[in-house]
Structure formats: C-alpha cells, structure tokens
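Worksheet: the structure to be examined is printed underneath.
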Amino acid sequence: MGEPESRREIETERLGVHLYAIRSLGGKDVMGESSLTLDPGDDFGSRINRALDMAQLPANEPFELPDRFQDYHGVSARDASAFTDPFKRLKDVADEIESSAFEERVVVSSSEVTAEDREVLFHNSRGLHAARKESEFFIDFVLLAADQVGREVESNGYRRAGRLKELEPAGMVREYASFARDTLSAVEPPSGIVDVVFTHECLDTLFQWFVAQSGGPSAYHGWSRFREGEPVVPDPKGDRLTLVSDPFLAGGLKTRPFDENGLPQKRVEVIRDGIFQRRPVDKRHADYLELPATGAFANLVVSAGSRPLESLMRPKPVLQCVQFSTFEPNPISGAFSGEIRLGIWHGQDGSQPVKGGSVSGIMEQAFQEAYLSTETVRRETYLGPGAVKLCRLSVAGG
2 MGEPESRREI ETERLGVHLY AIRSLGGKDV MGESSLTLDP GDDFGSRINR
52 ALDMAQLPAN EPFELPDRFQ DYHGVSARDA SAFTDPFKRL KDVADEIESS
102 AFEERVVVSS SEVTAEDREV LFHNSRGLHA ARKESEFFID FVLLAADQVG
152 REVESNGYRR AGRLKELEPA GMVREYASFA RDTLSAVEPP SGIVDVVFTH
202 ECLDTLFQWF VAQSGGPSAY HGWSRFREGE PVVPDPKGDR LTLVSDPFLA
252 GGLKTRPFDE NGLPQKRVEV IRDGIFQRRP VDKRHADYLE LPATGAFANL
302 VVSAGSRPLE SLMRPKPVLQ CVQFSTFEPN PISGAFSGEI RLGIWHGQDG
352 SQPVKGGSVS GIMEQAFQEA YLSTETVRRE TYLGPGAVKL CRLSVAGG
C-alpha cells in the first residue's frame, strides 16, 4: 500500500465555561446563562466579563446544579489499546481501505482516518469534581466506480465510532462500492403508496421523533404527545417498539458517566412494547417538571423485531431506502419528507436500484404498522434492528 500524504498529531487544551446568573425580575428569580471556550493565550478576564454580561440577558426559570455528592457509574468510554501505537493502527485501517477497494475493483479517490483521545475534567461552583476519558475514531473515504462506457460515480463512506475495531473498513468498502455500482444503473422510483424498508444510513435519524417527544424539553414546552402508561402510536399493528436510553453502551458515542452539568447518567427504559414508560431528563428539566433526573437521551437502543430482513422485502413491491440526501422528521408534528439518494425497488419483475424522488409521511401514522428485523446493527449512537419496514408511505417518483 502507498504511504500517507500527511500525518498529523495535534495536542490541544481547552477550557469550556458555562456561566449561570440568577437575578430578580418582576418579583421572582430568573436565571440567565452563557457559554464560552477559552484557549491558552486568550484574555480570560475580558472574555469572561463579556460572557457575564451576556448571562444577564436571558430570563429562564432557575434550576439547581448538581452538588459534590454524586455517584457515577464506572463506565469506560476509551479504547486504550488503540493508542499504544496509534499511527500504525490508523495506517493499518488506511491500508485495509486500499486493499478492499482493489478487491472490489473501485478506486479510492481519497481517504482520511483519525483518532481522538480526550480527557474531560469537570468542576462546578457547588464543589463537584469529576473526570472521564473517552475516545473517538473517524473514517472518511471516497470511492470511484465506472461502467463499461466510462461513466463514473462517487460514493462517500464515513463512520464515527467509540472503538477502533468498529470502523470495520473492509466491510465499509464493500458496502459503499456496492452503493457506487448501484448508482450507475439507478432510475427514479415509481410513485404511489408503498411499503418502505429503511436500512443502512437511513436508520440514523429514523427514531429521532420518538427521542424528541420523550425528552424533557418537549414535555416542559407542552408539545410532547407521550403520556406515561399510554401507547406512543394509536392502534398499532406489527411489532411494538421498545426503546432504551443507554449511556453505558460499550463503544457508543454518547457513552459517558456524567452529562454536561456533571449529573450522573442513568439507563432509562423509555418505551416498552409500544407503551411510554419514563422520560430521560437532564437536571434542568427534571427540576422544571418535578421528575427524577436521569440525564438527557443517550445512546438509542431499540429491541429487535420478529422478522428476518429477507421477509421484510415481501409482499412486493417494496422500496428499500439505503441513503437519503436528508431525513429529519419534524420533532413536533412528526412530518417527514426524505429525498432518496439511493434505494432498491423490489418489484414483481425483480430488483432495480433507484435514486431521486422522495418518501414522505407522518411518524405517528407510519409506525402504526411497523416491522423490525431480527438482525441488528451498530451505528454511531444506535444499536437496534438493521431494517425497519413502515407500511403505506407516500413515494413521489417518476
């Protein structure tokens, strides 16, 4: 394999400061706040004074910061073995990208592999002192694939992980090489009301409406539809959702013993068999809502379903979505519309790669009949079914 064009090692030390200021307004106490990040060499005094001035402007409801008497879960979020000889380990990953691309008969246009080793020290004005160590690894590459008449397409693969082994470069190259080849022959999908199976990158934001609706801000501001002991979707068919907020998931990018305010993180079963159980809430919203504080939503763990992936592709036709240009369900209404970057149309006459067009619907209705695969996958902050089938969504295509 060729040598890297560049190799960089950067050491940084930064001080993140979050300031809270309580004052009286209209006969009651209100809290303002502001944040800043300080680097060595900054004028600390003037910048903090400006931040204090800014903290006098907001007028939020006060909450109490955690004190020094905290009990943290002994979770490890650092892949120590990766830093014994980090440059060799990262070059091994880069070499694996190159060799796998050669086997797949695609060209690596560019690739970057990084490792970040962090130590976080936390202190607050109530005497709380805490520390944690964590690591993060990142892989980013661009593959070029060509057809017999010389047309070329790019496929950009990227992944973040808390452990080096979970980058899985060989598997990623096979996957994204397949995406590139499929793109060469992709056509626009037909329009209609169709069952849609979400896989690969499409899983990254699929459950975010449930995360938003179950959180403290949605309850405090009055737009959460979830009530304890009640179904999260009306009249559900198919598989019932079980969702957990897990800050202790090994290798998860939201795995940590405490949150940004020093509050101990707790594992929370949010939804069980389709029934809302409990809100994961940070200290602010716990005080506002008079709930036990658990920390905000951490890694998302979704229980596997009842059907293997292959069976989710029947009855036909079924649209399998692999990549969206963007897919962000509205946190309040649940409405979504995702432009299809790559998918597979499974019709009566066979399967055909597709791109363009869009999939739209409303989450509360879309999950009324949902089927989750028995196979599971790990992604950045997600452990759950590798495929999710939502029935009767609107597809706008050719």
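Residues 2 to 399 (this note's numbering) make up the sequence shown, in order. Ideal Cβ positions, reconstructed from N, Cα and C, are used throughout, including at glycine.
* Asked: When you compare only the Cα positions, how much space is there between Asn125 and Glu155?
  -> 48 Å
One question on the structure: do Val245 and Val303 come within less than 9 Å of each other, judged by their Cβ atoms? Taking C-beta atoms as the reference points, Val245 and Val303 count as a pair closer than 9 Å.
Under the three-state DSSP convention, the category Ile98 falls into: helix
Original post:
So who's on the other strand from Trp346, going by DSSP bridges?
Top reply: Leu320 and Gln353
query: Can you name, in chain order, every residue of its own chain whose Cβ lies under 6 Å from the Cβ of Phe368, other than the five neighbours on each side?
result: Val234
- Determine the DSSP secondary structure at Pro218, reduced to helix, strand or coil. helix
| message | Please list the terminal residues of the continuous alpha helix (DSSP H) segment that includes Ser312. | response | Leu310 to Leu313
Check your understanding: With a CB to CB cut of under 7 Å and the five nearest residues on each side skipped, what residues in its chain are close to Val359?
Key -> Here residue 359 turns out to be Ser, not Val, going by the sequence shown. Taken in chain order, the residues that qualify are Ser338, Gly339, Glu340, Ile341 and Ala397.
### Query
When DSSP labels each residue in this structure, what does Tyr21 get in the three-state scheme?
Tyr21 sits in a strand when the DSSP states are folded into three classes.
Considering only DSSP beta bridges, list what Gly33 is partnered with.
Ala22
message: Looking at the strands, I want to know which residues DSSP matches up with His124.
response: His130
query = DSSP puts Glu329 in a beta bridge; with which residues?
reply = DSSP lists no partner for Glu329.
Applying the 10 Å Cβ sphere with the 16-neighbour rule, what's the burial state of His347?
buried
Item checked: Assigned secondary structure, Ile90 (DSSP; H/G/I helix, E/B strand, else coil) -> Ile is not the amino acid found at residue 90; the sequence shown has Arg there. Residue state, collapsed to three classes: helix.
#### Entry: Close Cβ partners of Arg48 (< 8 Å) along its chain, the five nearest in sequence each way excluded
So the list reads Leu37 and Leu39, once near-sequence residues are dropped.
* Asked: Roughly how many whole angstroms lie between the Cα atoms of Asn300 and Leu58?
  -> 33 Å
According to the Cβ coordinates, are Ala116 and Ser136 closer than 9 Å? yes
**Request:** Kindly list the residues whose CB is nearer than 6 Å to the CB of Arg393, restricted to its own chain and excluding five residues on each side of it in sequence; keep chain order.
**Result:** Ile194
Closest to Arg315 by CA distance: which of Leu250, Ile140, Tyr372 and Ser111 is it? Tyr372
Exercise for the section: Give the DSSP bridge partners of Asn61, in chain order. Expected result: Met32
Close beta carbons around Ala22, own chain, < 6 Å, minus the five adjacent residues each side
Gly33, Ala56 and Gln57
Contact set for Thr382: own chain, Cβ-Cβ below 7 Å, skip 5 residues either direction: Only Gly253, Leu254, Lys255, Asn300 and Leu301 meet the Cβ criterion.
Nearest residue (CA-CA) to Glu113, options Glu120, Lys92 and Arg51:
Lys92
Let me know if Gly46 comes out buried or exposed under the rule of 16 or more other beta-carbons within 10 Å of its beta-carbon. The residue in question, Gly46, is exposed, as its Cβ has fewer than 16 Cβ neighbours within 10 Å.
* Asked: CB-CB under 6 Å to Asp118, same chain, minus the five flanking residues each way: which ones, in chain order?
  -> Sequence-distant Cβ neighbours of Asp118 in its own chain, meaning closer than 6 Å and more than five residues away, are Phe84 and Ser136.
#### Entry: Residues near Gln211 in its chain [Cβ-Cβ closer than 8 Å; skip 5 each side]
As written in the sequence, residue 211 is Phe, which differs from the Gln given in the question. Taken in chain order, the residues that qualify are Val233, Leu242, Leu244, Val271, Ile272 and Met364.
**Asked** Taking the continuous alpha helix (DSSP H) assigned at Leu402, which residues delimit it?
**Response** Residue numbering for the chain in the displayed model covers 2 to 399; residue 402 lies beyond these limits and cannot be assessed.
**Asked** Of all the options Val109, Ser110, Leu129 and Ala81, which has the alpha carbon lying nearest to the alpha carbon of Glu120?
**Response** Ala81
- Go to Lys284, then tell me how far its alpha helix (DSSP H) extends in each direction, as first and last residue. Lys284 to Leu290
When you compare the CB positions of Ser219 and Pro332, do they come within less than 9 Å of one another, or not? yes
Exercise for the section: For the beta strand (DSSP E) holding Phe199, just list the boundary residues, first then last. Expected result: Gly193 to Thr200
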